[in-house]
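Below is one structure; the comments refer to it alone.
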Amino acid sequence: MHLLKNIKLFKITLLTFFCCSIFAVPEEIVNQSSYNYDYVRERAPLSFPQGSITYKGDYIKTSSGKVISQRLNGVMFWEDIPFALPPVGNLRWKAPRAFVNTNLNIKPRNDNFCHQEIGGEIQEINQEGTEDCLYLDIRAPHKYRENLPVMFWIHGGGNTSGHKDFYDFTELVKKKDVIVVSVNYRLGPLGFFTHPAIQDLNSGLDKTSNFGTLDIILALKWVNENIESFGGDPNNITIFGESAGGHNVLSLLVAPQAKDLFHKAISQSGYTKSTSLKDAYKSKYFNDEKTADSWTTFNKILVENGSAKDLNEADQYQSNTSKQEQRRVLYDTPPQKLINQYQDIFETPLLTNDDIVIPEIGLLNALGSEEYLHKVPVIAGSNKDEIKLWIGFSEYFLDSEEIVSSDLIGIPKIFIRDKEKYEFYSSIRAKGWQLRGVQEPLENIFKAGNKNIYAYRFDWDDLRDSIFGDFGEIIGAAHAIEIAMITGDFNFVDEYRWIVYPRSSSRRFVSKNMMDFWTNFAKSAAPGSSSNNINWDRFNPNVEKSILLIDEKKNLKISSVNLKLKLLVNEIETTNYLSDDEKCILLYETTNYLGDNSFDAFLNEISFSCSREEALKISDNNQGSIQL
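Taking our numbering, the leading residue of the sequence shown gets 206, the next gets one more, and so forth.
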């Protein structure tokens, strides 16, 4: 219990910063039945904040309206620019619509991010956001210049959480003379939802299941049309994103609607998991307790609103009512209730192979197809200790003891229960991430004829070793740790920055070089060399050393990391560090998450007892503490 009381707040803080990244702001109440798309016209006339300066005029005319130029911390910025009509009312679950011939006055908003859940663990789960969330921000050097490279940031959060405002790219813009655009897109069941009552009654592009992906694409179109007014070059746009953002970057490489809208791509800890329409609607893989397929989601909605007394009766309702009636129920369901059905689930079908946005053959296969792949320069990479962000504060793996105690407070020292087990478990999952999120997609991109590709692994783990614990060992080069190295903003973790990003020569070295690599790539399609003259060579699956290990000066180097899923499964099979139960859930996670589901294919090759049902049961029995 000491562990629960003493370290969960720190864990939640880090997970919020790196995974969820949500500010709690008031929700706008929208009457969907009478929503006025011209509501912005009723806002106050333009007023220029104190300290604003001329940037080709005090405001800039865009296809969405007039946006105020503002200066802060040495950069120009423009906030909360709508790039699409609000996807509310009858525009819910449809492709986004662009503004046409508008002269609106655009002002910053408080409620600008998409509906999602926040909290968890010791915090009560709450929801924040609005359906009217399709906005973007722009940051540019304070002195106007033409034809600057544009970097288009896509946030992470599992495509179920996150927003454009969290990461501050001010330092990158100031130091490297680039323009950074950050974008919101629809999330969870509002951004990715497959049901016959939606798709079968829509036509054209509206028949997609990937509404959130189309949001990003429309934002890219907006940037192509308008970025010149902000000093950007529409012929030099680099998309980049982390986690689900990296996943979305990879998806844009095969989405036909995204063709010619960007010129380079960077995927940070991305992945290639995509789901068939059949499984997204009614999956053979999901059970009633741990599912978010749309059939079961709809059943739960019917029980919640009183249309059915239980899931069996809800089954009958869906089987016997018209698609029109089912559509009415779905559109009448508030976003909060939709998202409620996505809470505390084991798997969520999101990106779908709808053959509209994502080819029917699936994301990974499409990346290997000359027919579908957009052949632009690509960087893809992952972090050495990805999964430690989740297991790094799990009571299953960690314990604590009080080093200072009083009647009011106990200060813990956190330590790993079994270091060999901890390192093995996290290593397999991180290798699986690198294999399925970096190596496999790049191998396929190479096979499809694109040779201008680069791979990395982020190894920096110089976190503080303190009296409270060795966080370099506990967290290490965890998921999303690298983002601050690129933004140059280490203060976003507030009081924990002294633990996660202690001032050091290694931090300065890694940050400088990652900023250089990323912006060199945006400017010239090649990341170039490090400050200590290590050249980042292209990735070639036929060359032994073709991946850059990004680390402090003495360890930054081109290395060889060649992984195979079968070999990872063999490592799980033969290890003495794990029990059979632990092997089972690790096998499930390694073969199912991040890429196409291959769990069943290995069940006949292992000697220990394991099945999909057993993996779910083991997770439940341990309160999800192995995989959080």
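Glycine included, every Cβ here is placed at the ideal spot set by N, Cα and C.
For the segment 731 to 743 against the segment 779 to 790, do three or more pairs of beta-carbon atoms, one drawn from each stretch, fall closer than 8 Å, so that the two count as touching?
Contact between the segment 731 to 743 and the segment 779 to 790 is absent, because fewer than three Cβ pairs lie under 8 Å.
If we count the other Cβ atoms within 10 Å of its Cβ and call it buried at 16 or more, is Lys-589 buried or exposed?
In the sequence shown, counting from the first residue as 1, residue 589 sits at position 384. Using a 10 angstroms sphere on the CB of Lys-589, the tally of other CB atoms reaches 16 or more, which defines it as buried.
Where Ile-327 falls, given that 16 or more other Cβ within 10 Å makes a residue buried:
Translated into the one-based positions of the sequence shown, residue 327 becomes position 122. Reliability fails at Ile-327, whose pLDDT of 35 lies under 50, so the model's placement of it is uncertain and the value that follows must be treated cautiously. Burial call: exposed.
Span separating the alpha-carbon of Ala-731 from that of Arg-532
Against the sequence shown, residue 731 aligns to sequence position 526. Against the sequence shown, residue 532 aligns to sequence position 327. Ala-731 and Arg-532: Cα-Cα distance of roughly 49 Å.
Tell whether a beta-carbon distance below 9 Å holds between Tyr-390 and Ile-688.
Taking the sequence shown and counting its residues from 1, one reaches residue 390 at position 185. Taking the sequence shown and counting its residues from 1, one reaches residue 688 at position 483. Against a cut-off of 9 Å, the Cβ pair of Ile-688 and Tyr-390 comes out as no contact.
What's the C-alpha gap between Ile-422 and Gln-462?
As a working mapping, residue 422 is identified with position 217 in the sequence shown. As a working mapping, residue 462 is identified with position 257 in the sequence shown. Their backbone Cα atoms lie some 7 Å apart in a straight line.
DSSP-derived helix/strand/coil call for Lys-618:
Against the sequence shown, residue 618 aligns to sequence position 413. Strand.
What are the start and end residues of the alpha helix (DSSP H) that includes Gln-521?
Along the sequence shown, one-based indexing puts residue 521 at 316. Element bounds for Gln-521: 516 to 525.
Per DSSP, Cys-319 is paired with what?
Within the sequence shown, residue 319 is the residue found at index 114, counting from 1. Looking at the DSSP assignment, Cys-319 forms a beta bridge with Thr-335.
Would you kindly work out how many angstroms separate the C-alpha atoms of Pro-707 and Ser-671, rounded to a whole number?
Mapped onto the sequence shown, residue 707 falls at position 502. Mapped onto the sequence shown, residue 671 falls at position 466. One C-alpha to the other measures close to 11 Å.
Please name the residue in Asp-420, Glu-376, Lys-580 whose C-alpha comes closest to that of Asp-721.
Within the sequence shown, the letter at position 516 stands for residue 721. The shortest C-alpha separation from Asp-721 is found at Glu-376.
Closest by C-alpha distance to Gln-644, when choosing among Ser-632, Leu-556, Ser-472
Position 439 of the sequence shown, counted from the start, is the residue given in the question as residue 644. Looking at Ser-632, Leu-556, Ser-472, the one whose alpha-carbon comes closest to that of Gln-644 is Ser-472.
Taking the Cβ atom as the reference point for each residue, do Ala-653 and Glu-575 lie within a distance shorter than 9 Å?
One-based indexing of the sequence shown puts residue 653 at position 448. One-based indexing of the sequence shown puts residue 575 at position 370. Pairing Ala-653 with Glu-575 gives a Cβ-Cβ distance under 9 Å.
Which of helix, strand or coil does DSSP assign to Pro-292?
Sequence index remark: in the sequence shown, residue 292 carries index 87 (1-based). Three-state DSSP puts Pro-292 in coil, outside helix and strand.
Which one of Gln-546, Ala-402, Glu-757, Trp-703 has the shortest CA to CA distance from Lys-717?
Taking the sequence shown and counting its residues from 1, one reaches residue 717 at position 512. Considering only Gln-546, Ala-402, Glu-757, Trp-703, the residue with the shortest C-alpha distance to Lys-717 is Glu-757.
I'd like the list of long-range same chain contacts for Arg-641, defined as Cβ closer than 7 Å, with 5 residues on each side in sequence excluded.
To locate residue 641, count along the sequence shown from 1; it is residue 436. Counting only Cβ-Cβ distances below 7 Å, and skipping sequence neighbours, we find Tyr-476, Thr-477, Leu-799, Gly-800.
So, for Ser-257: in the same chain, excluding its five sequence neighbours on each side, which residues have a beta-carbon less than 8 Å away from its beta-carbon?
Translated into positions along the sequence shown, residue 257 becomes position 52. The predicted model places Ser-257 with a pLDDT of 43, which falls under 50 and marks its position as unreliable; any figure quoted below should be read in that light. These residues qualify, in order along the chain: Asp-263, Ile-273, Ser-274, Gln-275, Arg-276.
Glu-607 and Pro-617 - do their beta-carbons sit closer together than 9 Å?
Locating residue 617 in the sequence shown gives position 412, counting from the first residue. Locating residue 607 in the sequence shown gives position 402, counting from the first residue. Judged by beta-carbon spacing, Glu-607 lies within the 9 Å limit of Pro-617, meaning their Cβ atoms are closer than that value.
So, under 8 Å CB-CB, Gly-436 and Tyr-349 are touching, yes? Tell me the CB distance rounded to an integer number of Å.
Reading the sequence shown from its first residue, position 231 is the one you call residue 436. Reading the sequence shown from its first residue, position 144 is the one you call residue 349. Sure, about 5 Å apart at Cβ, within 8 Å.
Checking 9 Å against the spacing of the C-beta atoms, do Asn-558 and Ala-449 come in under that value?
Here residue 558 refers to the residue found at position 353 of the sequence shown. Here residue 449 refers to the residue found at position 244 of the sequence shown. Contact: no.
Would DSSP call Glu-776 helix, strand or coil?
Here residue 776 corresponds to residue number 571 of the sequence shown, with the count starting at 1. Correct three-state label for Glu-776: helix.
Top-ranked residue by Cα proximity to Ala-683, from Ala-497, Gln-639, Leu-309
Within the sequence shown, the letter at position 478 stands for residue 683. Closest option to Ala-683, Cα to Cα, is Gln-639.
Trp-723, enclosing alpha helix (DSSP H) - first and last residue
Here residue 723 is taken as the residue at index 518 of the sequence shown, counted from 1. Per DSSP, Trp-723 belongs to the alpha helix (DSSP H) from 710 to 729.
Cβ-Cβ separation, Pro-287 to Ile-311 (assumed contact under 8 Å), whole Å
Indexing the sequence shown from 1 puts residue 311 at position 106. Indexing the sequence shown from 1 puts residue 287 at position 82. The C-beta separation of Ile-311 from Pro-287 comes to about 7 Å, placing the pair in contact by the 8 Å criterion.
Cβ atoms of Glu-749 and Asn-760: under 9 Å apart, would you say?
Against the sequence shown, residue 760 aligns to sequence position 555. Against the sequence shown, residue 749 aligns to sequence position 544. No. Outside cutoff.
Report all residues from its chain with a CB closer than 6 Å to the CB of Ile-265; omit the five preceding and five following residues, and keep chain order.
Locating residue 265 in the sequence shown gives position 60, where the first residue counts as 1. A distance below 6 Å between beta-carbons, with the five flanking residues on each side excluded, links Ile-265 to the following residues of its chain, in chain order: Val-272, Ser-434.
If you draw a straight line from the alpha carbon of Arg-634 to that of Asp-316, how long is it in whole angstroms?
Position 429 of the sequence shown holds residue 634. Position 111 of the sequence shown holds residue 316. About 36 Å.
Pull the bridge partners of Glu-700 from the DSSP assignment, please.
As a working note, residue 700 is residue 495 in the sequence shown. Paired residue(s): none; Glu-700 is not in a bridge.
Quick one: what's Gly-279 bridged to in DSSP?
As a first step, residue 279 is located in the sequence shown; it is residue number 74 there, counting from the start. Partner(s): none; Gly-279 has no beta bridge.
Please specify which runs of the beta strand (DSSP E), each continuous and at least 3 residues long, are wholly inside the segment 787 to 822, giving them in chain order.
The segment 787 to 822 contains no whole beta strand (DSSP E) run of 3 or more residues.
Do you know offhand how far Glu-284's Cα is from Phe-357's?
Residue mapping note: residue 284 aligns to position 79 of the sequence shown, counting from 1. Residue mapping note: residue 357 aligns to position 152 of the sequence shown, counting from 1. Cα atoms of Glu-284 and Phe-357: separation of roughly 14 Å, rounded to the nearest angstrom.
Where Ser-434 falls: helix, strand or coil (DSSP)
Reading the sequence shown from its first residue, position 229 is the one you call residue 434. Helix, per DSSP.
Whose C-beta lies closer than 7 Å to the C-beta of Lys-656 among residues of the same chain, with five residues either side of it excluded?
Translated into the one-based positions of the sequence shown, residue 656 becomes position 451. Hits under 7 Å: Arg-743.
Would you list the residues sitting across from Pro-287 in a DSSP beta bridge?
Residue numbering aside, residue 287 sits at position 82 when the sequence shown is read from its first letter. Pro-287 pairs with Tyr-340.
If I'm right that Lys-505 touches Gln-541 with Cβ under 8 Å, what's the distance once you round it to whole angstroms?
Working through the sequence shown from its first residue, we reach residue 505 at position 300. Working through the sequence shown from its first residue, we reach residue 541 at position 336. Contact between Lys-505 and Gln-541 is ruled out by a C-beta separation of about 13 Å, above the 8 Å threshold.
Under DSSP, the beta strand (DSSP E) around Gly-270 begins and ends at which residues?
Sequence index remark: in the sequence shown, residue 270 carries index 65 (1-based). Gly-270 -> beta strand (DSSP E) spans 270 to 273.
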